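Numbering (our numbering), first residue to last: 12 to 762.
The C-beta atom is built at its ideal place from N, Cα and C for all residues, glycine as well.
Since this is a predicted model, take the numbers as computed values, not measurements.
Okay, structure first, notes after.
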RNA sequence: UGGGGCGUGGCCAAGCGGUAAGGCACUGGUUUUUGGUACCAGUAUUCGGGGGUUCGAAUCCCUCCGCCCCAUCCA
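Structure (structure tokens):
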């Protein structure tokens, strides 16, 4: 596999963990719940999980997360397996099921109870919800939380045996009903479901909840990186809690989240998809308009195109909406290089070539000059042919390249024709064109000297085969569809009597074709019959003509400028205000720095302390409010490896001009990590700054000599490049050159 | 008592203190017997806004704004 240059954040984490020896081998998993057909969002997840495993010589398990027997079914298991296989991934010798771990999971639950970390709660559903509290209010603990370990054990055992009705009891973790993260307010671990499970049958009356089952299943399988979507971020706390409380032998898995895929003009949630399937708006889970893997497969998308798409969209934590055109590009890009071209007329208009009598077979390559593949077919040519209705216009708009009364056109692979006469029916519709062909204009042997602007597809009337063509368009007309009201009424157009050149049907050189000038099509894997061929449109070709036409009658979109309203800054309390006044008035700090310091108790006391050692209020304030503040975001003052004394020492050197700001940052970094004193660090690394121009100038000369292009650009007015040169000089002195001096010198030399 | 995330062109997305990558889309042009493909060129003086630190900030600090997720016995 070719690795792209830019690693995504997950791969960066995996690489680090492998390097540090946290894991010997990377192990991921793709853990769908078998309660629906997988869609392209799953494909993204599949690519991530299997892709990472492949990239780092690890493995990825396919695991059915089948903990909720009420919605799950074995038919979905099959669909999931199909999807993974179709995309080309290998899940090894067997598919995993969470249900295979039910016994182990139960044992872990017992262990938690014995540790006093879990209890059987007997509140009803509504009470549990009420007790949980809200976003802004604490929850309160159930009175049942005080049950003894024996009681809990006994109850759980009986729950398992099926002695209770659904909802009578649940098992909950004993964490913290006041947690700001609502997920941590004693989450449910098990619930009673007296229902048959599609794999375990009636063996169990209780089923583990996601939060309990998932982390432990990962652990049981030896997963290293448990990758899921963003909405599980809050659940990570439980994931960690369960694994940590159980005191399991390390290594244990960690959870990481990425943003799920969204594409415009479609829906991706299983709920909405199921609604379309059940509601009959689509023909099934494999309806070619659906973003399901089965749908794309049926429509004619290739696995490679989906894989490529997943690669192109990247992996991040930012919620985003990918444009369908990105997907469409991927399938066109893939098919362009490999499928045979053929001619198919969707909306036939009869053309009689009056000066042609007889018949010939024209030999034509299946591939255009820029596709390096071999293969050709015979195309019958005769007096009566059909062309596409829209390839003739009596009164053409400007820029129309096809057949008109005055403008000849080439019949692809064949002759040039000229329109002689238009035949109409009684209501004035054009029903036929009488034309003449130019005998010397045969494709490849053209000596006619006639110039045409385009070549159009056609079929010979007698030999053409009738086919059904299903034209698919986006399912929804709204970019962000809400429901059925946003459905595109024209998402499916069935053309029963399209005409196709016979070789496509007789020889079937492929399953996918480009119907020239129209798009890519796929022989429907289910409905296609030799006597009644059916083709699905996969995607249109790009069409700059229709775009141009549309442009003429569409207004440019109005620019939206968002005005940003500034909120009010929280007022300072009295003590903060006093400090602020002191900092600005007595020490001469600017208000921003004073503000940062005054509002943070830790920072201000740190500042005061360092100020008592070194009387340099402004420099100290700058370092404390910027660098120290950053460290204090991660930890408490007492956890810091450095003290106010270190900082004043650092600032002293800065004030002395012994070191530059740039060096100070380096020193600070080392100090944070090691706790060494700044003086020590400067000595160790010989970080004294170089300010002597005679020492710096030769380096500048060298940089200038090495970058003639950039010198030219700079002189041409690209003043941003000054930073580039300064940077280069700084780099070659290990950051030791005095940047102020370098800046002056570089500016002077480049004048 | 709220918490957790996220903001870089029209859409994705690199970048992590030293010249704002790349892809899609778009616009021109070249090639072309597909108005396709391929190729070339163009498109962000600026990274949600405002301040601050720095010789230098998309990157560090402060602050404000805007989105998303969480109160299923779903996953």
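Would residue 692 and residue 683 qualify as a contact pair, given that the criterion is a beta-carbon distance under 7 Å? A distance of 7 Å or more separates the beta carbons of residue 692 and residue 683.
Enclosing alpha helix (DSSP H) for residue 170 [first to last residue]: Segment 160–172, the alpha helix (DSSP H) holding residue 170.
When burial is assigned at 16 or more other CB atoms within 10 Å of the CB, is residue 719 buried or exposed? The residue is exposed, with fewer than 16 neighbouring Cβ atoms inside 10 Å.
Cβ-based burial, residue 116 [other Cβ within 10 Å; buried from 16]: Answer is buried; the Cβ neighbour count reaches 16.
With distances taken Cα to Cα, identify the nearest neighbour of residue 377 among 403, 328, 371, 514. The candidate whose alpha carbon is nearest that of residue 377 is 514.
Helix, strand or coil: which one does DSSP assign to residue 392? Assignment of residue 392 by DSSP, reduced to helix, strand and coil, places it in the strand class.
Mind checking residue 146: buried by the 16 CB within 10 Å criterion, or exposed? Sixteen is the threshold: since fewer than 16 other Cβ atoms of the shown chains lie within 10 Å of the Cβ of residue 146, the residue is exposed.
Leaving out five residues on either side along the sequence, give the residues of the same chain with a beta carbon under 7 Å from the beta carbon of residue 627. Correct list, in chain order: 662, 666.
Using only CA atoms, which one of 131, 143, 168 lies nearest to residue 156? Looking at the Cα atoms, 131 is the closest of the given residues.
By Cβ distance, which residues of its chain are closer than 7 Å to residue 210, with the 5 residues on each side in sequence left out? Answer for residue 210: 77, 108, 110, listed in chain order.
Which same chain residues, not among the five before or five after residue 220, have their C-beta less than 8 Å away from its C-beta? Within the same chain, residue 220 has close Cβ partners 78, 198, 199, 200, 201, 202.
Within the chosen definition, does the segment 231–240 reach the segment 253–266 through at least 3 CB pairs nearer than 8 Å? The segment 231–240, when compared against the segment 253–266, does touch it at the 8 Å Cβ threshold.
Whole-angstrom Cβ separation of residue 274 and residue 318, contact assumed at under 8 Å? About 16 Å; that fails the 8 Å criterion.
Residue 39, DSSP secondary structure in three states: In this structure, residue 39 counts as strand in the three-state DSSP scheme.
Considering only their Cβ atoms, is the gap separating residue 480 from residue 506 smaller than 7 Å? Yes, the pair counts as a contact, with Cβ atoms nearer than the cut-off.
Own chain, CB closer than 8 Å to residue 112, minus 5 neighbours either side, in chain order: Same-chain partners within the cutoff: 224, 227, 228, 231.
What does residue 374 pair with, by DSSP beta-bridge criteria? In DSSP, residue 374 forms a bridge with 389.
Cα-Cα separation, residue 242 to residue 321: Computed Cα separation, rounded: 20 Å.
When you compare the CB positions of residue 413 and residue 465, do they come within less than 7 Å of one another, or not? Note that the C-beta distance between residue 413 and residue 465 is below 7 Å.
Just to check, is the beta-carbon of residue 159 closer than 6 Å to a non-hydrogen atom of the ligand PLP? With respect to the ligand PLP, the structure shown offers nothing to examine, as it has no ligands at all.
For the alpha helix (DSSP H) holding residue 85, just list the boundary residues, first then last. In the DSSP assignment, residue 85 falls within the alpha helix (DSSP H) that extends over 85–97.
Taking C-beta to C-beta, are residue 372 and residue 394 nearer than 7 Å? Here residue 372 is not near residue 394, since their CB atoms are 7 Å or more apart.
In angstroms with no decimal places, state the Cα-to-Cα distance between residue 54 and residue 249. Distance between the alpha carbons of residue 54 and residue 249: 27 Å.
Return the Cβ separation of residue 80 and residue 208 in integer angstroms, given the expectation that the two are a contact with Cβ distance under 8 Å. Going by Cβ atoms, the distance from residue 80 to residue 208 rounds to 4 Å, so yes, they are a contact pair.
Rounded to whole angstroms, what's the CA-CA distance from residue 370 to residue 509? Just pull it up for me. Those two C-alpha atoms are separated by around 22 Å.
Can you list the alpha helix (DSSP H) stretches of 4 or more residues lying completely in the segment 41–77, in chain order? Runs of the alpha helix (DSSP H) inside the segment 41–77: 51–66.
Span of the alpha helix (DSSP H), counted from its first residue to its last, around residue 254: It spans 247–256 - the alpha helix (DSSP H) in which residue 254 sits, taken as one unbroken run.
Return helix, strand or coil for residue 187, following the three-state DSSP convention. In this structure, residue 187 counts as coil in the three-state DSSP scheme.
Closest residue to residue 66 among 143, 73, 36 (Cα-Cα distance): Residue 36 is the option with its Cα nearest to residue 66.
Quick check on this structure: which residue in 41, 340, 162, 245 has the alpha carbon closest to the alpha carbon of residue 103? Checking every option, the nearest Cα to that of residue 103 belongs to 41.
Sort 88, 184, 101 by Cα distance to residue 126 and report the nearest one. In terms of Cα proximity to residue 126, the closest of 88, 184, 101 is 184.
Touch check for the segment 483–496 and the segment 445–463: three-plus C-beta pairs under 8 Å? Taking a contact to require three or more Cβ pairs closer than 8 Å, the segment 483–496 and the segment 445–463 do not qualify as touching.
According to the Cβ coordinates, are residue 299 and residue 310 closer than 7 Å? Yes.
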